[in-house]
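A short write-up of the structure that comes next.
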Amino acid sequence: MCHVASVNKGRTKCHVLLKKGPFVDAHLLKKVDAAVDGKEKKPIKTWSRRSTILPDFIGLTIAVHNGRQHVPVYVNENMVGHKLGEFAHTRTYKGHAADKKSKR
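Numbering (my numbering), first residue to last: 83 to 186.
As C-alpha cells, then:
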C-alpha cells in the first residue's frame, strides 16, 4: 500500500503512515458503521475532507463537502489510503482565455 515516495525530513510518508496509522474522524466512523450494519443506500454527508479512506468504506457513497456543496463520491478499492478531499474538487477550472491577438 505504501507507494508514496515523497520525502519529508528524510522520512517517507509511508513510514509515518505505518507508525501512526490512518486518520479518520470519529463521527464519520460511526456513520460508516451504522450504514454498513443497516445496509443503507443513502449517501453519508460529511465535512471531513481530511479523513483517510479505509477498506470499510468500499461500496458506500460519501457526500464530501467542497466548500459550496456536497459532492457524492462512490468509494472503490482503488481509493483506499487516499483522503476524501482528493475526490471532491474545490476549484472549477474553466480553461485559459483565448489569445485575442492571433485571431486578427
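Just so it is clear, CB atoms sit at the ideal spot from N, CA and C, and this is done for glycine as well.
Inter-residue CB distance, residue i and residue j (contact presumed, cutoff 8 Å)
{"i": "L142", "j": "V162", "result": "Actually they do not touch by this definition, with Cβ atoms about 12 Å apart."}
Residue i versus residue j: straight-line alpha-carbon distance, rounded
{"i": "F105", "j": "H178", "result": "37 Å"}
{"i": "K182", "j": "I126", "result": "46 Å"}
{"i": "R150", "j": "K102", "result": "32 Å"}
{"i": "A184", "j": "R173", "result": "Note on identity: in this sequence residue 184 is Ser, with Ala being the wrong assignment. Roughly 29 Å between the two C-alpha positions."}
{"i": "D119", "j": "A170", "result": "26 Å"}
{"i": "E168", "j": "E159", "result": "15 Å"}
{"i": "R131", "j": "K121", "result": "23 Å"}
{"i": "A180", "j": "A116", "result": "50 Å"}
{"i": "Y175", "j": "L110", "result": "29 Å"}
Outcome for residue i when other beta-carbon atoms lying within 10 angstroms are tallied against a minimum of 16
{"i": "S133", "result": "buried"}
Contact set for residue i: own chain, Cβ-Cβ below 8 Å, skip 5 residues either direction
{"i": "A145", "result": "P125, I126, K127, T128, H152, V153, P154 and V155"}
{"i": "V157", "result": "I135, F139, I140, G141, L142, T143 and I144"}
Bridge-paired residues (DSSP) for residue i
{"i": "P154", "result": "A145"}
{"i": "K127", "result": "A145"}
{"i": "K165", "result": "T134"}
Own chain, CB closer than 6 Å to residue i, minus 5 neighbours either side, in chain order
{"i": "A108", "result": "none"}
{"i": "L166", "result": "R131, S133 and V146"}
{"i": "N148", "result": "A170 and T172"}
Proximal residues to residue i (C-beta, below 7 Å), its chain only, five neighbours per side dropped
{"i": "P137", "result": "V162"}
{"i": "H164", "result": "I135"}
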